[in-house]
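Novice: So that we are looking at the same thing, I have put the structure below in structure tokens.
In structure tokens form, the structure reads like this:
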């Protein structure tokens, strides 16, 4: 149980303050220019906090997925983002099924 409480606390902190560009880049093993490019192309959506970009825990997962797809399949960023969108939708549908007791 403490592990899940820790995860909940970390998510809460991330959602309140968010990750900086540098933190996100380091956690996802991508260059900050990679993130800048994906934001400019509309594939990632940061929030503004104190004049700088901040990224949520959901964006952390999204960046990891997109970067992994681009690397593994040499996919274009737009295609990798589309696949990540589909994975997010599948994850959401699975959560709904579990809540409904159908999975």
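Residue numbers (our numbering): -14 to 88.
C-beta: ideal position from N, C-alpha, C; glycine also.
Let's test the definition: count the other Cβ atoms within 10 Å of the Cβ of residue 39 and tell me whether it reaches 16, buried, or not, exposed.
Specialist: Buried is the call here.
Novice: Can you give me the start and stop residues for the alpha helix (DSSP H) that residue 55 sits inside?
Specialist: Residue 55 -> alpha helix (DSSP H) spans 42 to 58.
Novice: Among 85, 14, 2, which has the Cα closest to the Cα of residue 48?
Specialist: It is 14 whose Cα lies nearest to the Cα of residue 48.
Novice: For the alpha helix (DSSP H) that residue 74 lies in, which residues bound it at each end?
Specialist: Its alpha helix (DSSP H) spans residues 62 to 84.
Novice: Give a yes or no on whether the C-beta atoms belonging to residue 28 and residue 44 are separated by under 8 Å.
Specialist: Not in contact: residue 28 and residue 44 (Cβ atoms no closer than 8 Å).
Novice: What are the partner residues of residue 38, as DSSP defines its beta bridges?
Specialist: According to DSSP, residue 38 bridges with 33.
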